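Each residue of the sequence shown is one higher than the one before, starting from 1 at the first, in the UniProt record's numbering. For glycine and all other residues, C-beta sits at the position ideal for the given N, C-alpha and C. Just so it is clear, the structure is predicted and the values come from calculations on it, not from any experiment. Everything below concerns the one structure shown next.
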Amino acid sequence: MLNVDRVHTYYGDSHVLHGLSLKLDAGRIVAILGRNGMGKTTLIRTVAGLTPPRDGDVLLRGRSLRGQPSFAIAQAGIALVPQGRRIFRSLTVRENLLLPTSMLSRPRAGRWTLDGVLEEFPQLAERIDNLGGALSGGEQQMLAVGRALMANPDTVLMDEPSEGLSPRLVLQVGEIMRRLREHGLAVMLVEQNLALAMSVADYIYVLSSGQFVFEGTPNQLSQSPEILDEHLGVSRRKASA
Ligand SMILES: Nc1ncnc2c1ncn2[C@@H]1O[C@H](COP(=O)(O)OP(=O)(O)OP(=O)(O)O)[C@@H](O)[C@H]1O
Ligand SMILES: [Mg+2]
Numbered sequence: 001m002l003n004v005d006r007v008h009t010y011y012g013d014s015h016v017l018h019g020l021s022l023k024l025d026a027g028r029i030v031a032i033l034g035r036n037g038m039g040k041t042t043l044i045r046t047v048a049g050l051t052p053p054r055d056g057d058v059l060l061r062g063r064s065l066r067g068q069p070s071f072a073i074a075q076a077g078i079a080l081v082p083q084g085r086r087i088f089r090s091l092t093v094r095e096n097l098l099l100p101t102s103m104l105s106r107p108r109a110g111r112w113t114l115d116g117v118l119e120e121f122p123q124l125a126e127r128i129d130n131l132g133g134a135l136s137g138g139e140q141q142m143l144a145v146g147r148a149l150m151a152n153p154d155t156v157l158m159d160e161p162s163e164g165l166s167p168r169l170v171l172q173v174g175e176i177m178r179r180l181r182e183h184g185l186a187v188m189l190v191e192q193n194l195a196l197a198m199s200v201a202d203y204i205y206v207l208s209s210g211q212f213v214f215e216g217t218p219n220q221l222s223q224s225p226e227i228l229d230e231h232l233g234v235s236r237r238k239a240s241a
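Here it is as C-alpha cells:
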C-alpha cells in the first residue's frame, strides 16, 4: 500500500530525516516509536505531503507522490489524525465530521459516511450536537479518527493518539486501531507509548535522530533490551520483568 523509500526531509537547512524507508500493507498496523524530537511528526508530515522530502520518495500503491500537494495526497487515500487532535472546539461534532470532506473536490465513496462513522462510534452519535470543545479527551480522539475516516482513506496516519489520555482511554484507542485494521485499512501509528504500540502493532520501527535504529515484530523488540534502554527509556530490569 504505502512505501517510504529513503526519504530525507529538512526544515530549511535543518536535516531532520536521514534516509528513512518503510513499508505498510493493507490490514496492518505499523508503529514508529521514538522519544520527543526524534522526527516522528516530521515523518508523518513527509508522507502527508505537508513537508515533502527533499530526496527519496513516497509511493502509494506503487505510484510516486512526488510533487503532489497535500490535498491531492488526501484525495489519493491518505488521511491524517494529527498530534493534539486539532478538532474545531467551537464547531459541533457533526460539523467537525462534515467539514473536511466538504473541502475535497471529488469525495471518495465508501462505507464511511456520517452514518457509517456514527455507527462505528456510538459515543459520538450521542454527542452529535455538542461542541467539540465540550468533549472529553477520549471523545475528541474518537472525533479526530472519525473525521479522518470520512475521507474514506485506505491509509491512516496517527500521530501520538494516546498523548494526554488516561490509561483506560489509551486502551480504547488501541481498540479503535484494531477495528480500523479489521476494516482493511493500513495504519501508521507514531507513538511514545511503548505498551500501546506493543499491543497493537504488527511491526515496529524505532526512530532516533531521524534514523531507524530497529525494525522488527513487537516480540523481537521485547527481546532487544539495549534498544529499549537506549532509545525508549525503558530500563533493562523493567524490560525483562
Ligand atoms: N517547523 C519546524 N521548523 C524547524 N524545525 C522543526 C520544525 N518542526 C520540528 N522541527 C525539529 O525537527 C526535529 C524533529 O521534530 P518532530 O516534531 O518530527 O519530532 P517528534 O518525534 O514528533 O517529537 P514529539 O514526540 O515531541 O512530537 C526536532 O529537532 C524539532 O525541533
Ligand atoms: Mg510529534
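Secondary structure of residue i, DSSP reduced to three states
i    : result
M38  : coil
N3   : strand
S240 : In this prediction, S240 scores a pLDDT of 48, lower than 50, which makes its location untrustworthy; the coordinate-derived value is nonetheless stated afterwards. Note: S240 maps to helix in three-state DSSP.
E160 : coil
D229 : helix
V234 : coil
S209 : coil
G184 : coil
S222 : helix
Supposed contact pair residue j and residue i - C-beta distance, whole angstroms, cut 8 Å
i    : j    : result
G138 : V93  : G138 to V93, Cβ: 14 Å. No contact.
V7   : P82  : That pair is no contact at about 19 Å.
Y205 : I32  : 5 Å
K40  : L207 : 6 Å
When the options are compared against residue i, the one with the closest alpha-carbon
i    : options                   : result
S14  : E120, G210 and R28        : G210
V47  : A76, I128 and Q141        : A76
L97  : N130, A26, G56 and D57    : N130
L232 : Y203, D202, A197 and A201 : A197
L171 : L185, S199, G184 and M150 : S199
D55  : S222, S70, L228 and L17   : L17
M38  : F212, S166 and L124       : F212
Within 8 Å, strictly: CB atoms of residue i and residue j
i    : j    : result
I44  : T155 : no
A74  : L104 : yes
M158 : V117 : no
Q141 : V190 : no
G216 : N152 : no
N3   : L59  : yes
L135 : R127 : yes
L87  : M177 : The displayed chain sequence assigns Ile, not Leu, to residue 87. No, they are not a contact pair.
L169 : L143 : no
S1   : R61  : The sequence given here has Met at residue 1, not Ser. Contact: yes.
- Could you tell me which uninterrupted beta strand (DSSP E) segments, each at least 3 residues in length, are contained entirely in the stretch 102-167, listed from first to last along the chain? 155-159
- At which residue ranges does the stretch 9-92 contain complete beta strand (DSSP E) runs of 3 or more residues, listed in the order of the chain? 14-24, 29-33, 55-60 and 78-81
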